[in-house]
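Residue numbers (this note's numbering): 167 to 339.
Here is the structure we will look at.
Okay, here's the thing in structure tokens:
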């Protein structure tokens with residue numbers, strides 16, 4: 167049995183937890199995420215509907231949008247905690263700037279600005295708050311929504327991230 171819990175960043179760092187959700191039957195997708203400090207305190211949340219049907223592209227959009235917001239807010243040390251190993255390995259590849267994925271190139275360009283950005287893979291169970299934000303995106307306007315305070319549907323997830331109990335996941339033998 168694996169014990170899974172959200173890991174706060176070090177002091178002076180913020181955690182960006184983005185996520186994406188693709189709805190292939192409707193040809194829509196959504197992204198969402200949150201930025202919080204080393205105590206787990208909510209700093210900003212976001213979501214939006216997008217017209218992308220490829221799940222991998224949706225994941226990259228979530229990271230890109232989150233980093234763009236973090237840059238605009240002036241954060242200097244960002245730990246991106248994400249549940250897609252494929253997206254993280256693509257971004258961390260030495261040739262990300264020449265990647266076949268334009269969004270990976272854009273993320274690489276954001277990463278190389280005057281700040282420190284680290285990517286960390288996390289279990290999906292440790293990213294429930296970002297998943298909830300992505301799933302609550304409004305498809306009527308496809309506009310970016312920003313949340314200065316925690317939406318009610320995320321509050322219990324944030325409390326659990328900080329105070330527990332941790333999530334348990336069966337380990338494959």
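Cβ atoms here follow ideal geometry from the backbone N, Cα and C, with glycine treated the same way.
Residues bridged to residue i [DSSP beta-bridge criterion]
i           : result
residue 185 : 198
residue 288 : DSSP, once it has assigned bridges, lists no residue as partnering residue 288.
residue 168 : 335
residue 313 : 211
residue 320 : Looking at the DSSP assignment, residue 320 forms no beta bridge with any residue, so it has no partner.
residue 283 : 244
residue 180 : 244
C-beta contact flag for residue i and residue j at 8 Å
i           : j           : result
residue 210 : residue 277 : no
residue 270 : residue 226 : yes
residue 183 : residue 223 : no
residue 185 : residue 221 : no
residue 272 : residue 230 : yes
residue 204 : residue 237 : no
residue 310 : residue 212 : yes
C-alpha gap between residue i and residue j, whole angstroms
i           : j           : result
residue 268 : residue 214 : 20 Å
residue 305 : residue 244 : 29 Å
residue 218 : residue 281 : 29 Å
residue 174 : residue 266 : 33 Å
residue 181 : residue 202 : 5 Å
residue 177 : residue 319 : 27 Å
residue 208 : residue 198 : 14 Å
residue 274 : residue 321 : 32 Å
residue 289 : residue 200 : 16 Å
residue 314 : residue 235 : 12 Å
residue 190 : residue 330 : 34 Å
residue 279 : residue 326 : 33 Å
Same chain only: Cβ atoms within 8 Å of residue i, ignoring 5 sequence neighbours per side
i           : result
residue 251 : 287
residue 323 : 294, 295 and 298
residue 316 : 208, 211 and 324
residue 308 : 214, 215, 216 and 217
residue 239 : 201, 209 and 210
residue 264 : 271
Sequence-distant residues of the same chain with beta carbon closer than 7 Å to residue i, five excluded per side
i           : result
residue 192 : none
residue 285 : 246, 248, 254, 257 and 258
residue 194 : 215, 217 and 305
Close Cβ partners of residue i (< 6 Å) along its chain, the five nearest in sequence each way excluded
i           : result
residue 196 : 187, 215, 300 and 303
residue 283 : 244 and 277
residue 328 : 206
Min CB distance residue i to chain C below 8 Å
i           : result
residue 285 : Chain labels in this structure do not include chain C; a single protein chain is all it has.
Within the stretch 212–275, note down every full beta strand (DSSP E) run reaching 3 residues or more, in order along the chain.
243–248
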